[in-house]
Every structure is written in structure tokens, then in C-alpha cells.
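If you read the protein sequences in the order shown, they are chains L and Y. Residue numbering for the first sequence is 231 to 419, as defined by my numbering. Residue numbering for the second sequence is 231 to 419, as defined by my numbering. In what follows, a single structure is set out as C-alpha cells and then discussed.
Number of protein chains: 2
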Amino acid sequence: MERVDMETMVAHLKLLANEARLKLLGLVAAQERSVGELAEIMELKEPTVSHHLARLSEAGLVRMRREGNVHFYALDADRLQQLSRDLFTPEKVASLAGQTDTGAWERKVLRTYLDGERLTKIPDVRKKRDVILAWLAERFEHGRRYAEREVNEVIGRHHPDYATLRRELIGARLMERESGVYWRVPAAT
Amino acid sequence: MERVDMETMVAHLKLLANEARLKLLGLVAAQERSVGELAEIMELKEPTVSHHLARLSEAGLVRMRREGNVHFYALDADRLQQLSRDLFTPEKVASLAGQTDTGAWERKVLRTYLDGERLTKIPDVRKKRDVILAWLAERFEHGRRYAEREVNEVIGRHHPDYATLRRELIGARLMERESGVYWRVPAAT
DNA sequence: CATCTAATTAGATGAACATTGAAATACGAA
DNA sequence: TTCGTATTTCAATGTTCATCTAATTAGATG
């Protein structure tokens with residue numbers, strides 16, 4: 231499988247997302263045709279057709295053969311099939327996000343609700359609250375076991391309502407507890 | 231296989247041929263996300279994101295769920311996969327031409343080289359010559375057998391150089407001959 | 001060489017579309 | 001009800017792109 235980045239992927243889709251070019255591909259699929267011929271059939275001027283053929287040619291979708299000063303174009307069916315196959319594989323779709331910085335929003339939430347180390351407010355919206363809780367969980371060491379009193383103390387440094395936040399941390403499965411002992415849950419991934 | 235005409239096909243390709251929309255699909259593929267969240271991540275304003283999501287939504291590619299006045303969008307993976315599968319099947323490409331009048335050019339060639347029943351000139355370019363020869367072949371009846379003298383006479387009504395044209399008709403496999411007898415070859419389809 | 005034809009290139013125009021700020025809407029909270 | 005927030009709708013702006021005419025290139029023909 232050929233690696234295709236976002237940029238070329240969009241370029242290829244743009245190339246195909248045009249009625250004139252799609253028709254051209256269809257016309258040269260059955261048999262080779264000259265520019266003038268295509269212009270006549272499609273009711274477009276030669277320069278227009280020439281322009282589209284040039285773009286298709288760059289992408290390797292059509293081949294050109296000259297006879298005198300007549301240029302005959304024909305479809306490269308293999309290339310088209312390969313391109314359409316590569317364009318939308320499931321993992322391609324999944325990877326679309328990968329090339330984007332997904333952390334920006336989380337950082338903004340933190341900036342909004344944190345004043346230094348101090349938590350100014352607990353967000354009502356679940357997703358924002360999750361971000362805050364994840365940040366809060368990082369205040370605890372991995373592998374270490376905490377008494378409830380210690381947990382309250384750590385949270386208390388950042389917000390007075392340590393009881394609520396402690397329960398939320400458990401609910402969000404960022405921490406676990408058993409018989410009064412708490413510990414931080416390792417990150418999933 | 232769902233039938234898709236040229237118009238909707240182009241519309242779908244146009245929808246996907248956009249970096250912002252592709253990124254959006256990728257972002258909502260992994261988990262549902264709110265408009266503001268997406269705007270922040272993509273460094274676009276909310277109206278822009280809202281607009282793109284609306285278009286994706288029309289095509290059924292994303293689903294929306296509201297929680298308070300927060301709108302969460304998520305990918306409809308099945309729909310996307312179905313769309314990408316339907317978009318470029320081999321027979322689809324072949325049929326692209328079907329919706330176009332391919333006869334226009336042939337008619338123009340005939341207009342150019344014919345003056346009524348009279349052939350004004352024999353085209354030099356192979357393709358045009360083929361059109362003229364096909365027209366000429368139609369002057370002969372299917373199934374009937376002609377002597378060479380008769381062939382010359384029929385052609386002679388349209389152009390003085392019957393010898394050349396007779397040979398060309400054979401070369402183009404529009405007519406055949408055996409021991410001095412000629413007949414018209416049925417169309418291949 | 002001059003001439004003709006086919007195709008491409010260059011430059012201009014217009015339509016489609018992405019993006020935005022401002023206004024309107026919907027909803028929850030006080 | 002009034003306020004605050006998230007989203008959508010509206011209207012305006014700027015950019016991209018398809019198409020065209022005019023000019024140029026390249027090949028064939030006389």
C-alpha cells in the first residue's frame with residue numbers, strides 16, 4: 231500500500247471531483263480520442279479540454295500519443311483503479327486525524343480553568359471535566375499507594391471540594407480504590 | 231450496487247475533496263466531538279466548522295447528538311465505507327461516457343467532408359477517414375454480393391478515386407472480398 | 001518558404017466556494 | 001425572566017478554479 235499524505239489525497243480527489251474531467255475519463259476509456267474530437271463531443275473549446283487533459287496527464291490517468299500534430303489521449307485504466315483503491319481504505323480514514331494536533335483544545339480548557347496550580351471552577355460539561363480530571367490525576371505518582379487522607383490533601387492543593395473531585399476521579403476510572411487505599415490507573419494506550 | 235448518476239457522483243467527490251472536511255471526518259472517527267472543540271483543534275472559527283459539518287451531515291457521513299446546547303458529532307463509518315466503495319467501480323468509469331452524446335464529432339466530420347452525396351476530399355487523418363469510410367460502407371446493402379465493377383460504380387457516385395477508397399474499405403474491414411466478389415461486413419457492435 | 005491545421009500557453013472573466021464577523025436561536029442556570 | 005454559553009444562520013469578502021479569446025508553438029503540405 232502506497233503512503234499518501236493529506237495533501238496529495240485532497241489533490242487527487244479535487245482532480246476527480248469535476249464533471250468535465252470525469253466525462254473525459256469515460257470518453258477515453260473506450261477508445262483513444264483527439265483533443266478536437268473531445269471538444270466537439272463535450273461542447274467545450276479546445277483550450278478547456280487541453281487544460282483538463284494536462285491535469286489528468288500529470289496524475290498519470292491518461293496517456294498521450296501523437297500522430298502528426300493530432301494528439302490522441304487514452305485512459306490508463308490500471309492507474310485509475312490503483313488510485314481509487316488507495317484513496318479510501320479504512321485505515322486511511324482513521325489516519326486522517328493523525329496529522330492534526332489534537333491537543334490544542336485540551337490545552338485551552340486547562341488555560342481556562344486553571345490559575346497556576348489553582349483550579350478556579352469545576353466544568354459542568356463532561357468533556358471539559360474529563361480534561362481537568364486527567365490533569366488532576368497527573369498530580370499523583372504512578373505505582374504509589376495513597377491513603378484517602380493523602381488523596382484529599384493532594385486534591386485540596388488545587389481545589390477546596392476534594393470530596394467531589396475524589397469521587398469523580400474514581401468515576402472516570404483515572405484512579406481506583408480498594409479498602410481505603412487509592413492508586414492511579416495507568417494510561418490506557 | 232446502488233445506482234449513482236454523474237451529478238451525485240461529482241457532488242460526493244466535491245464533498246470529500248476538501249482538507250477541512252477530511253480532517254473533520256478523521257477527528258470524529260475516533261470519538262465524538264463538539265463543534266467548539268473541533269474549531270479549536272483545527273484552528274478555524276465555529277461558523278466554518280458548523281458549515282462543513284452540516285454538509286457532511288446532509289450526506290449522512292456524520293451523526294449529531296445534542297447534550298444541552300452542545301452538539302456532538304460522530305462519524306458514520308458504514309456510510310463512508312459504502313460511499314467509497316460505490317464511488318469507483320470499473321463499470322462506473324466505463325459508464326461515465328454513456329451519458330454523453332458521442333456522435334457529435336462524427337457528424338461534424340461528415341458535414342465537413344461531404345457536399346450532399348459528394349465527397350469533397352478524402353481526410354488524411356486516420357480517424358476522420360474512418361468516419362468517412364463507415365459512411366461510405368453504408369451505401370452498400372447488407373447481405374448482398376457485389377462484383378468489383380458494381381463496387382466501383384457505387385463509390386464513383388461519391389468520389390472519383392474509387393480504387394483507393396475500395397482498398398481502404400477492405401483495409402478498414404468494413405467490406406470483404408473473395409475471388410472478385412465483395413460484400414459488406416456486418417457491424418461489430 | 002508560405003500556409004494550413006491541431007494543440008498548447010497566456011491572460012482575462014465569472015462562478016463557485018471557503019471563511020469570517022455579526023446577528024439570531026436554543027438551551028441551561030441563576 | 002434575565003443572563004451566559006454553544007451553535008447555527010446570514011451576509012460579506014477573498015480565493016480558487018473552469019472557461020473563454022487571443023496569441024503562440026509545432027507539424028504537415030504545397
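Using N, Cα and C, we set each Cβ at its ideal position, and we do this for glycine too. These figures come from a predicted structure and were not determined experimentally.
Return the chain-ordered list of same chain residues with a C-beta closer than 7 Å to the C-beta of E232/L, the five sequence neighbours on each side being excluded.
-> Residue confidence for E232/L is low, a pLDDT of 49 falling below 50, so the modelled location carries little weight and cannot support an answer.
From this set, G298/Y, I271/Y, L313/Y, which residue's C-alpha is nearest G290/Y's C-alpha?
-> L313/Y
Residue ranges of each alpha helix (DSSP H) run of no fewer than 4 residues wholly in the region 321 to 404 of chain Y, ordered along the chain?
-> 334 to 343, 356 to 367, 378 to 386, 392 to 401
How would you call D306/Y, buried or exposed, if buried means at least 16 neighbouring beta carbons within 10 angstroms?
-> buried
Would you verify that the beta carbon of W335/L is, or is not, closer than 9 Å to some beta carbon of chain Y?
-> yes
Report, in whole angstroms, the separation of the C-beta atoms of A219/L and L243/Y, which I expect to be a contact under 8 Å.
-> Residue coverage of chain L in this structure runs from 231 to 419, which leaves residue 219/L outside it and unanswerable.
Residues of the region 334 to 363 of chain L whose Cβ lies closer than 8 Å to any Cβ of chain Y, in chain order | A334, W335, K338, V355, R356, K357
Return no unless some Cβ of chain Y is closer than 9 Å to the Cβ of F370/L.
-> no
Going by CA-CA distance only, name the one from M236/Y, P277/Y, L286/Y that's closest to L254/Y.
-> L286/Y
For the beta strand (DSSP E) that V300/Y lies in, which residues bound it at each end?
-> 300 to 305
Distance, Cα to Cα, V355/L vs Y376/L?
-> 28 Å
Hey, is A289/L's beta-carbon within less than 9 Å of any beta-carbon in chain Y?
-> no
Between the C-alpha atoms of E371/L and W335/L, what's the straight-line distance to the nearest angstrom?
-> 25 Å
Among residues of its own chain, excluding the 5 on either side of R337/Y, which ones have a beta-carbon nearer than 8 Å to its beta-carbon?
-> Within the same chain, R337/Y has no close Cβ partners at all.
Under 6 Å Cβ to Cβ from A304/Y, same chain only, skipping five residues before and after it: list those, please.
-> V258, E262, R293
Cβ-Cβ distance between E237/L and K357/Y below 9 Å | no
Beta-carbon gap between H388/L and L349/L smaller than 9 Å | yes
Own chain, CB closer than 7 Å to N382/Y, minus 5 neighbours either side, in chain order = Y392, R396
Along chain Y, which residues have their Cβ under 7 Å away from the Cβ of A247/L?
-> V240, L243, K244, A247
DSSP three-state assignment for V279/Y, whether helix, strand or coil | If DSSP states are grouped into helix, strand and coil, V279/Y belongs with the helices.
Does S314/L get closer than 9 Å to chain Y when you measure Cβ to Cβ?
-> yes
Identify the continuous beta strand (DSSP E) that holds V415/L and give its terminal residues.
-> From DSSP, V415/L is part of no beta strand (DSSP E); its letter is neither H nor E.
Please go through the same chain and pick out, in chain order, the residues whose beta-carbon is closer than 7 Å to the beta-carbon of A402/Y, but skip the five residues on each side of it.
-> D360, L363
So, are the CB atoms of V265/Y and L283/Y less than 9 Å apart?
-> At the C-beta level, V265/Y and L283/Y come within 9 Å of one another.
Residues sharing a beta bridge with V292/L, DSSP | L305/L
Helix, strand or coil: which one does DSSP assign to S314/Y?
-> S314/Y sits in a helix when the DSSP states are folded into three classes.
Measuring CA to CA, which of Y412/Y, I271/Y, E368/Y, E273/Y is closest to R181/Y?
-> Outside the shown range of chain Y, which is 231 to 419, sits residue 181/Y, and nothing can be said about it.
For A367/L, the nearest candidate out of D345/L, K275/L, E406/L, Y343/L (CA to CA) = E406/L
So which residues on chain Y does S264/L lean against when the C-beta distance must stay under 7 Å?
-> K357
Determine which residues of the region 374 to 392 of chain Y have a Cβ less than 7 Å from any Cβ of chain L, and write them out in chain order.
-> none
Identify the residues that DSSP records as bridge partners of R251/Y: which are they?
-> DSSP, once it has assigned bridges, lists no residue as partnering R251/Y.
The alpha helix (DSSP H) enclosing L268/Y, as first and last residue numbers | 265 to 272
With DSSP as the reference, label T238/L as helix, strand or coil.
-> helix
For L283/Y, which residues in chain L fall below 7 Å Cβ to Cβ?
-> Correct list: empty, because the minimum Cβ distance to chain L is about 15 Å.
By the criterion of Cβ-Cβ separation under 9 Å, what are the contact partners of I400/Y in chain L?
-> Going along chain L, no residue has its Cβ under 9 Å from I400/Y, so there is no contact; the nearest lies around 22 Å.
Nearest to P416/L by alpha carbon, out of K351/L, W365/L, L404/L?
-> L404/L
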